[in-house]
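K.L.:
Handing you a structure now.
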Amino acid sequence: MKIAFIGLGNMGGGMAANLVKAGHDVHAFDLAEAALARAAEQGCTPFTDAGEAVAGVDAVVSMLPNGKIVDSVYHASVFGKAPAGAILLDCSTIDVATARKVAEDAQSAGYDMVDAPVSGGIAAANGGTLTFMVGGSDAAFGRAEPILQAMGKAVIHAGAAGAGQAAKICNNMLLGIHMNGTCETFKLAERLGLDLQKFYDIASVSSGQCWSMTSYCPVPGVGPQSPADNDYQGGFAAALMLKDLRLAMEAAQTAGARVPMGEKAKELYEAYDAAGNGGVDFSGIIRTL
Ligand code: NAD
């Protein structure tokens, strides 16, 4: 299949490389020369114009920073330039409203489109083990699924257009909440004189168990290997967690949902980011306690 890939940064670079490995002919476009050069090294054909990159393709995949950019790239360089009937897949994490609007505009322009944000970071993008949560019609999902499968370990149809983004920000709001809960719980346990490995052994098989504890423990030397064991480097940057929490708060406001714990998690990550920790793994927030 001929696939255009737009946005070959930390995530998109590895994802495009996995499409090449799966035998696809990948046309790469990115504004950054370094990203384009890396894509070329990995077997993609580099293009310096997005409209040229999408000409003659069967599918377009994008992995871009935010909704504003996604909206402008699709309107300026994809609609009317990619062949009629091409399937469009936006894998960026963006706001639900923009995802729905761009999908509607795609439909009017004669394309099937899905929003397919991911769970999993750079390592999963490189390793082809991302989880995709997909919003779009049954027909669009059916066309997108085999392409996504070449880049991930799980591809789940969440519902109509925008449902992938909705699932992503709901999941990450919960992650932001339980990471903060895990951090303060371990700090309290420490203050109460508990041996933290012993507390882990107990809580990880008790009702307080959660992913932040058993898969990503914020305490160095406790639980499985995690960014805490690497001075909170690598992993999922606090700035990206903050981005997702802001998207969740925006969506909650639009939907009229009360999310006091999500709001608190956003405030805590806002302060952590403002103190210069945006590039630190999000579990590093334990060091503020
Ligand atoms: P990144 O900044 O490394 O990559 C984005 C790329 O898009 C850059 O190479 C940039 O040059 C390019 N770009 C920006 N504007 C462009 C335009 N108009 N046309 C073409 N290219 C353009 O970001 P990333 O970490 O790869 O994240 C991409 C998306 O994936 C974001 O929406 C992010 O929230 C989401 N995400 C990231 C992670 C992660 O761990 N990094 C995890 C899950 C989801």
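Here the sequence shown stands for residues 399 to 687, numbered as in our numbering.
From the three backbone atoms N, C-alpha and C, an ideal C-beta is built for every residue, glycine too.
How many angstroms separate the CA atom of S624 from the CA atom of G478?
P.N.:
45 angstroms
K.L.:
Use the C-beta contact count for T491: other C-beta atoms within 10 angstroms, 16 or more gives buried, fewer gives exposed.
P.N.:
buried
K.L.:
Rounded to the nearest angstrom, what separates A501 and I545 at their Cα positions?
P.N.:
18 angstroms
K.L.:
Given the structure, does A448 come close to the ligand NAD, in the sense that its CB is under 7 angstroms from one of the ligand's heavy atoms?
P.N.:
yes
K.L.:
Can you list, in chain order, the residues of its chain whose CB lies under 6 angstroms from that of I371, leaving out five sequence neighbours each side?
P.N.:
Residue 371 is absent from the structure shown; the chain starts at 399 and stops at 687.
K.L.:
What would DSSP say about G557, mapped onto helix, strand or coil?
P.N.:
strand
K.L.:
Mapping the DSSP letters down to three states, classify P481 as helix, strand or coil.
P.N.:
Three-state DSSP puts P481 in coil, outside helix and strand.
K.L.:
Do Y614 and S681 come within 8 angstroms of each other at the CB atom, strictly closer than that value?
P.N.:
Contact annotation: S681 and Y614 have beta-carbon atoms nearer than 8 angstroms.
K.L.:
Report the option in M461, A435 and S475 whose CA atom is closest to the CA atom of E450.
P.N.:
Ranking the options by Cα distance to E450, first place goes to S475.
K.L.:
According to DSSP, which residues form a beta bridge with P444?
P.N.:
A426
K.L.:
Who are the near neighbours of G525 in its chain, counting only those whose CB is closer than 8 angstroms to its CB and skipping five residues on each side?
P.N.:
G412
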